[in-house]
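Working notes for the structure below.
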Amino acid sequence: MTTASSSAPDTGPNTVKGVLWMLFVTFNFVMVNVLVKYIGTDLPVLETAFLRFALGAVFLIPMLGTVRQVRFTAEIWKLAITRALFHATAMSLWFFAMTRIPMSEVTAMNFMNPIYITIGAVLIFRERIALQRSLALVVAVIGGLVILRPGFRALDPGHVAMIFSAMAFAGSYLLANALNKRVPSTVVVFLMSTMVPVVIAPLALAHWQAPNWTQLGMLFLTAAFATTAHYSMMRAFAHAPQSVVQPVTFVQLVWATILGMVLFGEAFDPFVMLGGAMIIGAISFITWREKRARQRAARTG
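Mapping to the UniProt record's numbering: the sequence shown position 235 is 235, numbers consecutive.
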């Protein structure tokens, strides 16, 4: 784990640091992909998902002090349980997709999460959306179609799993935003990390296969890389605006493509790169528009 949190306090935005932190984020997330891909079908998918969270419990210990100070209401529990159901579904489908389709395709299709979040905010919370953002959403959806190319090639069940995984992740993030308004973000992470394995456990135990020490070690590393990635993302956003660091996430697709080719013999697919670039471009535009809107509101308010 990086020790950046113990350095001198931030004195203001630092674009270079923000970009470097986000590059570190992309590396850690793609290492999660590599480890899950390597384990593949050696263990049942639900067992792999369960162990990823269970072995990561050690990283939750520093959060206990904050969690003890929270007064949990029925509303908080309802939101947390619902989010755990969404996140468990998303993670299980994601693990399944990783065993079926190339890492680059999983990564590129996962870029659709913010798009589904925006659509969900419009449909569920009745948020208004400007014409420019609507056009950006259309571009992102077209990018998704470029990746999938339905009608031009046979789609794998892994592609379908990733579509629903990204949607379920979007639902999880929308519920996380609702929880963030009621409890500290540390508590939101703690609730998700402890409740998701509880949701998955019954199904995982039904098809349990004893893992070996190598598999346990790799899943522990998966949890470590994921935790490091989330921490690094917070550092990136602390140093630079989201509109600046968001485009850097495209590097994750580059990592996934290169490592997929080198480690797993996956073929290079230019359509995946093109579609991923379209989605990231659309997300970056939406992020930039939201920043501009907040700045205008601050000046007039």
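Every residue gets a Cβ at the ideal spot worked out from N, C-alpha and C, and that includes glycine.
Worksheet item: Looking at the unbroken alpha helix (DSSP H) that takes in Q132, where does it start and where does it end?
Response: L131 to L148
Fill in: Unbroken stretches of the alpha helix (DSSP H), 4 residues or longer, contained in the region 194-244
213-239
Fill in: Span separating the alpha-carbon of W208 from that of I163
27 Å
Worksheet item: What do you reckon, are the CB atoms on R83 and L203 nearer than 8 Å?
Response: no
Worksheet entry | Endpoints, alpha helix (DSSP H) assigned at Q252 | F250 to F264
Item to complete: Return the CA-CA distance between F152 and L205, expressed in angstroms with no decimal places.
Response: 39 Å
Discussion item. Looking at A168: is its Cβ nearer than 8 Å to the Cβ of A97?
Written reply: no
Discussion item. Which residue wins for smallest C-alpha separation from G40, given the options I124, P211, F111 and E290?
Written reply: P211
Worksheet item: Do the region 97-113 and the region 224-238 meet, that is, are 3 or more Cβ pairs less than 8 Å apart?
Response: In this structure the region 97-113 does not touch the region 224-238; the number of beta carbon pairs closer than 8 Å is below three.
Practice prompt. Output yes or no for whether 8 Å exceeds the beta carbon distance between P197 and A54.
Written response: Cβ distance < 8 Å, so P197 and A54 count as in contact.
Worksheet item: For the 8 Å Cβ check, are there 3 or more pairs between the region 20-34 and the region 174-192?
Response: no
Worksheet item: First and last residue of the alpha helix (DSSP H) that includes R52?
Response: V45 to A54 is the extent of the alpha helix (DSSP H) around R52.
Fill in: Pick from V245, L274, A240 and F237 that is closest to L253, judged by C-alpha positions
L274
Worksheet item: If you count every other CB in all the chains shown that lies within 10 Å of the CB of G217, and 16 or more means buried, which is it?
Response: exposed
Discussion item. I'd like the list of long-range same chain contacts for T48, defined as Cβ closer than 8 Å, with 5 residues on each side in sequence excluded.
Written reply: V36, I39, F95 and L219
Worksheet item: Going along the chain, which residues of its own chain have a beta-carbon closer than 6 Å to the beta-carbon of A170, five neighbours each way excluded?
Response: N113, Y116, I117 and G120
Worksheet entry | Continuous alpha helix (DSSP H) stretch holding P114: start and end | N113 to F125
Worksheet entry | Limits of the alpha helix (DSSP H) - the one that G18 falls within | T15 to I39
Discussion item. Quick test of your reading: M278 and V106, contact by CB under 8 Å. State the CB separation rounded to the nearest angstrom.
Written reply: 17 Å between Cβ atoms; not a contact.
Item to complete: Using alpha carbons as the reference points, say which of A140, F250 and L46 lies closest to T26.
Response: F250
Worksheet item: Can at least three beta-carbon pairs, one atom from the region 52-66 and one from the region 133-144, be found at a separation below 8 Å?
Response: no
Practice prompt. Give me the Cα-Cα distance between W213 and E266, rounded to the nearest whole angstrom.
Written response: 27 Å
Worksheet entry | Endpoints, the alpha helix (DSSP H) within which V67 is located | L64 to R68
Practice prompt. May I have the straight-line CA-CA distance separating V199 from K181, to the nearest angstrom?
Written response: If you draw a straight line from the Cα of V199 to the Cα of K181, it is about 24 Å long.
Worksheet entry | 8 Å contact criterion, which S165 and L93 should meet: CB distance rounded | 4 Å
Worksheet entry | R153 - DSSP class collapsed to helix/strand/coil | strand
Worksheet item: In three-state DSSP terms, what is I286?
Response: Three-state result, I286: helix.
Worksheet item: Relative to the C-alpha of I258, which residue among F24, V16 and V30 is closest?
Response: V30
Worksheet item: Using the C-alpha atoms, what's the distance from R52 back to A224?
Response: 9 Å
Worksheet item: So, are the CB atoms of I280 and A136 less than 8 Å apart?
Response: no
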